[in-house]
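As structure tokens, the structure follows; a few thoughts come after it.
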Amino acid sequence: MPAQRKSGSRPLVAGIGISISNPQRVIDAASGATKLALAEYYLSVAGWLVPQLAGRPLSIVRAPDGVDGESFFQRHCGRLKMPHMRLLDKSLDPEHARLMQADDIAAVIEAAQMGSVEFHTWNARSDRIERPDRVIFDLDPDPALPWSSMVEATELTLQLLDALGLQAFLKTSGGRGMHVVVPIDRRHDWAHARQFARAVTERLARQAPALIVDKMGPQNRVGRIFVDYLRNQKGASTVAAYSVRARPGLAVSVPIERDELGRIEGAAQWNARNLQQRLAALPGDPWARYGATRQSLGQALLRRLSRA
């Protein structure tokens, strides 16, 4: 969607009324994408992105000098001028500055104007921040592994969740890995969610020790994939679906159907330039059933996972 020129040197993002400074500054040399192009990408996917952000504490990754420069991970607005960004109640994180939340596309565009590229969300909503509503497994591979290994590890993760009677949803990470997302009832605390996630990872490592490891660190995942369960603790966040990654090429984290896993070429297959082609060709939302899916992580599941 093209920008509109206002009186002066800054364009207004169409329909939003937020001006973009230095609009032609290249933020990604690999694709030639500009700061304005990034803002227009986010506007073009607003209907897909905003539901992933709204109601959740947000963290942003800023790359003021472009994705080849230094980046900054922020959970708070600080001195950034983002009047549409909602500041959450201080009591939700009393030892730090107020958390922020993007409930509409204007907040997203303002963040892009401030140099933000990535948007990450918590596994809980701000109205019940002590009760997560999802568990996320981030499959993080040794970079030397072929994509087929990632497909195999993701399928093993899905098969285990199937055996536990849990429905999971998939998205590419926009990097090298996959994210497996399990919606849950909002009645478990953070400790329980993390305990469950760790038990899943440990079970997978026992089942496929040559492929999957349950200990973080590059030295532990040589030739293997770490199924990261640490995203499931209070304050942790994961890149949101439809968010661009602050990496050369501006790949995007994209939801997929389960039967697409064996057909895609990699986790960075879609980017800010070609994602619209995928969205236009979709017969429906790959995550259409996500909102209605709520599942319990009772003690019986933990006992089943603990069995050798």
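Count along the sequence shown from 1, add 35, and you get the number used in the working numbering. All residues carry an ideal CB built from backbone N, CA and C; glycine is no exception. Since the structure is predicted, the reported quantities are computational estimates derived from the model, not experimental observations.
Asked, Found
"From which residue to which residue does the beta strand (DSSP E) around residue 207 run?", "204-207"
"Tell me, to the nearest whole angstrom, how far the beta carbon of residue 247 is from that of residue 329; I am working on the premise that it is less than 8 Å.", "The pair is not a contact, with the Cβ atoms about 27 Å apart (cut-off 8 Å)."
"Mind the definition here: the segment 85-97 touches the segment 45-53 only if three or more C-beta pairs lie below 8 Å; say whether that holds.", "no"
"If you check the beta carbons only, do residue 189 and residue 93 fall under 8 Å apart?", "no"
"Going by Cα to Cα distance, which pick from 139, 261, 121 is closest to residue 8?", "Coverage of the chain is limited to positions 36 through 343, which leaves residue 8 absent and any answer about it impossible."
"Measuring alpha carbon to alpha carbon, tell me which residue in 223, 276, 172, 279 is nearest residue 236.", "172"
"Compare the Cα-Cα distances from residue 332 to each of 143, 129, 83, 200 and report the closest residue.", "200"
"Take the Cβ of residue 150 as the centre, count every other Cβ of all protein chains shown within 10 Å, and call the residue buried at 16 or more, exposed below.", "buried"
"Whose CA, out of 99, 78, 258, 283, lies closest to the CA of residue 63?", "283"
"Under the rule that 16 or more other beta-carbon atoms within 10 Å means buried, what is residue 288, buried or exposed?", "buried"
"Looking at C-alpha atoms only, which residue of 195, 281, 222 is the closest neighbour of residue 243?", "195"
"Return helix, strand or coil for residue 169, following the three-state DSSP convention.", "strand"
"Output needed for residue 203: all residues of its chain with C-beta closer than 7 Å, excluding positions within five of it in sequence on either side, in chain order.", "193, 196, 215, 216, 217"
"Alpha carbon to alpha carbon, how far is residue 315 from residue 68?", "21 Å"
"Could you tell me which of 325, 183, 124 sits nearest to residue 298, measuring between CA atoms?", "183"
"Roughly how many whole angstroms lie between the Cα atoms of residue 303 and residue 277?", "12 Å"
"Which term fits residue 324, buried or exposed, when burial requires 16 or more other beta carbons within 10 angstroms of its beta carbon?", "exposed"
"The alpha helix (DSSP H) spanning residue 75 covers which residue range?", "70-79"
"Three-state secondary structure (DSSP) at residue 339?", "helix"
"Compute the beta-carbon to beta-carbon distance between residue 364 and residue 281, rounded to the nearest angstrom, for a pair I have assumed lies under 8 Å.", "Because the chain in this structure spans residues 36 to 343, residue 364 falls outside the shown range and cannot be described."
"Taking buried to mean at least 16 other C-beta atoms within 10 Å of its own C-beta, is residue 294 buried or exposed?", "exposed"
"Please go through the same chain and pick out, in chain order, the residues whose beta-carbon is closer than 8 Å to the beta-carbon of residue 147, but skip the five residues on each side of it.", "55, 70, 73, 74, 77"
"Give the range of the beta strand (DSSP E) segment to which residue 184 is assigned.", "Premise fails: residue 184 lies in the alpha helix (DSSP H), 182-198, not in any beta strand (DSSP E)."
"Using the three-state DSSP reduction, which class does residue 291 fall into: helix, strand or coil?", "strand"
"Buried or exposed for residue 154, please, with buried defined as at least 16 other CB atoms from any protein chain shown within 10 angstroms of its CB.", "buried"
"Return the chain-ordered list of same chain residues with a C-beta closer than 6 Å to the C-beta of residue 65, the five sequence neighbours on each side being excluded.", "283, 284"
"Which of helix, strand or coil does DSSP assign to residue 176?", "strand"
"Please classify residue 241: does DSSP put it in a helix, a strand, or coil?", "helix"
"Comparing alpha-carbon positions, which option in 240, 292, 245, 231 lies nearest residue 167?", "231"
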